[in-house]
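Before any comments, here is the structure.
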Amino acid sequence: MTHTLLVSATQSDAYPTIADALDGAPDGATILVTPGEYLEHLRIERANVIIGVTGDPGSVTIRARRADDPVVECRDATVELRELVLAGADAPALAVFGGTVRVVDTEVSAGRAVAIQVGPRSEFEFTRVRVTAAQRGILWDTCAGTAVGCEITNVVEDGLLIRSADPTIRNCTVAECGYRGIYVYDYARPLLENCEVTGSGLGIAVAQESSPTLRRCRVHDVRGLGITVGPGCGGLIEDCHTERTAAPGIQLSPGATAQVATSERGLPRSVGAGEAPATRSDPRRIEELTGELEQLVGLPGVKAEVRAIIDEIQVNEWRRSGGLSVTPSSNHLIFAGAPGTGKTTVARIYGQLLAALGVLPKGGFREVSRRDLVGQYLGHTAEKTSAAFEAALGGVLFIDEAYTLSRSFGSGGDFGQEAIDTLVKLMEDHRHEIVVIVAGYTDEMLGFLAANPGLASRFSRTIEFENYSAVELAEILSRMAENHEYVLAPEVAVAARSHFQTVRKDKDFGNARDARKLFEGMRKAQAQRLRQLRRVPNAEELQLITLEDLALVIQAP
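107 is the number of the first residue of the sequence shown in the numbering used here; add one for each residue after it.
Right under this line is the structure:
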């Protein structure tokens, strides 16, 4: 049964504020708000709720109660926002930290902040969302989702920022931004189709090892370059047009590997089941990526397995060039092991290595889970699975916790099985155009492979990811600190090793995830300690993390 709660500042039988309604809302409730303006800070945590309006779209405006508070803050919740106006100030109007958020026909603005921020462990679905003013428009950070028919205008800095994320963005417009219209960075792999950028400082900028797919996008009337791709970045720019921009309209920096194509010439041709791609290898790039793999902490067995695969591919290429026969093989892999053991990182490097070897056209990376592949009714799953598969063509499709597809959820039939069956056929039809990597706990993956008679044969080998040792976790912690310009006091490293030796025995041990959680806790503890100095810390104090900071985190309940 659906529970509907009414919010009105004037009706006696209604909740006076949206926050009051949230406090009384059961899981799955719908909150309808009567027209008017509401000063609120809505913190929705571990709940499932829909917030909409009783009147016309846009008749309800929710403003930040305080300048430095978000209007809506979602934490590990499932939230749907419909036909609202969210007006923030010095904090995001909408901030999402984990969970799922769906926003439809909603107008969003902010003052000296990003209008919308979607962070890690989050999934989003934006339909006709309009950002009308902000310091920055939308930030998608290490999350997944789709945006269709959205508009971002009148932004002081960047309109759309995509960091370490692989969203699908279609039919969206970015206009009148002071700096970049769209900024793709830090290993991001988005798909942008039929998008328009106009009136900004720069059009679309790609940086920091990112590899987007830009298809039928239009950049015009910008003050700087139309589309720029930085060193080490790849991807595909297909049927995109630039008009009235600085020259050149599309600029590929030295070291960039992005392909620029039109529908007449298109991508490298599809390869038949018995053929190998005709692209050439890039020895310099192979050496760089191999070095990047070797620099990862620990994982000696994993590194050896990947090197063996690369060696085999290289030798096969030499045999092919020498006119010798080559045994057909598959590059699909199973990554087995506990969470936080580097499976995603290795999968990214592996995909780029295959592209550098000429095995894959692009080397992009798309991470999905059960919810990205499984639909709600018969036939919907095949459609979703095919769409995710096609979006990853040319690169790596990484299916995390793949074993969940072989489980039956609910009583209406196992649509996860439909996803597996669809994948088996697609993997055979496109064996040289994509690499599929399935990941999960070792024992559970055995059940996954038994879900379809042809599934196990699609994968060439299983690579085991062992738990990190306490020493390796301490090294990971140290690298995290260094990457964020912090310095660990010598005694911190010793105490951290002892701490990791203890937590490794917990059943919920998260490997590198525990290291990151510890680092974030120490960073916050340091900030609290420095605030109590009653003076501005010097540069050394701002960087140093002490044993006191570590102790506060370890002792916290």
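For glycine and all other residues, C-beta sits at the position ideal for the given N, C-alpha and C.
Residue i versus residue j - alpha carbon distance
| i | j | result |
| --- | --- | --- |
| S563 | G361 | 37 Å |
| V623 | T167 | Going by the sequence as given, residue 623 is Lys instead of Val. K623 and T167: Cα-Cα distance of roughly 36 Å. |
| R208 | F521 | 23 Å |
| C256 | D527 | 34 Å |
| H147 | R172 | 8 Å |
| C283 | G142 | 30 Å |
| L583 | D126 | 42 Å |
| V642 | E315 | 36 Å |
| V254 | C301 | 10 Å |
| Q634 | H605 | 22 Å |
| V474 | E496 | 13 Å |
| E524 | S165 | 43 Å |
| R152 | A250 | 19 Å |
| I419 | Y293 | 25 Å |
| S492 | G470 | 17 Å |
| N589 | M628 | 15 Å |
| L656 | P406 | 29 Å |
| L138 | R276 | 29 Å |
| A240 | G205 | 24 Å |
| I356 | T368 | 13 Å |
| L373 | S317 | In this prediction, L373 scores a pLDDT of 39, lower than 50, which makes its location untrustworthy; the coordinate-derived value is nonetheless stated afterwards. So the alpha carbons of these two residues sit roughly 15 Å apart. |
| S566 | E550 | 18 Å |
| Y547 | I569 | 12 Å |
| E395 | T319 | Checking the displayed sequence, the identity of residue 395 turns out to be Leu instead of Glu. Each residue's Cα considered, the two are about 21 Å apart. |
| L636 | L648 | 8 Å |
| D506 | A364 | 27 Å |
| T140 | F625 | 45 Å |
| G243 | F230 | 15 Å |
| A488 | T274 | 18 Å |
| V598 | N617 | 18 Å |
| P122 | V113 | 6 Å |
Residue i classed as buried or exposed, judged by whether at least 16 other C-beta atoms fall within 10 angstroms
| i | result |
| --- | --- |
| S334 | Sequence check: residue 334 is Thr here, not Ser. Buried. |
| S118 | exposed |
| G336 | buried |
| N437 | buried |
| I124 | buried |
| R472 | buried |
| P354 | exposed |
| R295 | buried |
| S306 | buried |
| R371 | Because the pLDDT of R371 is 38, which lies under 50, any placement of that residue in the model is unreliable, and the number read from its coordinates should be weighed accordingly. Exposed: under 16 other Cβ atoms inside 10 Å. |
| R454 | buried |
| P226 | exposed |
| G341 | buried |
| N422 | buried |
| W424 | exposed |
| L266 | buried |
| G397 | exposed |
| A115 | exposed |
| G404 | buried |
| Q223 | buried |
| N644 | exposed |
| G130 | exposed |
| P176 | buried |
| A442 | buried |
| D620 | buried |
| D174 | exposed |
According to DSSP, residues forming a beta bridge with residue i
| i | result |
| --- | --- |
| T279 | E257 and E302 |
| C339 | In DSSP, C339 forms no bridge with anything. |
| F606 | None; F606 has no bridge partner. |
| F571 | G443 |
| H347 | R324 |
| D247 | R269 |
| F232 | V209 and A253 |
| V191 | T167 and E213 |
| R242 | V220 |
For residue j and residue i, believed in contact at Cβ under 8 Å, the rounded distance
| i | j | result |
| --- | --- | --- |
| G446 | P467 | About 31 Å separates the two Cβ atoms, so there is no contact after all. |
| D211 | P163 | 5 Å |
| F554 | Y509 | 4 Å |
| V542 | L511 | V542 to L511, Cβ: 12 Å. No contact. |
| A631 | V609 | At roughly 17 Å, the Cβ-Cβ gap does not stay under 8 Å, so A631 and V609 are not in contact. |
| A199 | L192 | 4 Å |
| L402 | T451 | 7 Å |
Any C-beta of chain D under 8 Å from that of residue i
| i | result |
| --- | --- |
| E398 | Annotation note: the requested chain D is absent from the structure, which comprises a single protein chain. |
**Q.** the stretch 530 to 541 contacting the stretch 569 to 587, beta-carbon criterion three pairs below 8 Å
**A.** Because the criterion of three Cβ pairs below 8 Å is not met, the stretch 530 to 541 and the stretch 569 to 587 do not touch.
Q: Taking 8 Å as the threshold, find out whether the stretch 475 to 491 comes into contact with the stretch 450 to 463 through three or more Cβ pairs.
A: Contact annotation: the stretch 475 to 491 does not touch the stretch 450 to 463, with fewer than three C-beta pairs closer than 8 Å.
Q: Decide if the stretch 319 to 331 is in contact with the stretch 286 to 304; the criterion is three or more beta carbon pairs, one per stretch, under 8 Å apart.
A: Short answer: they touch.
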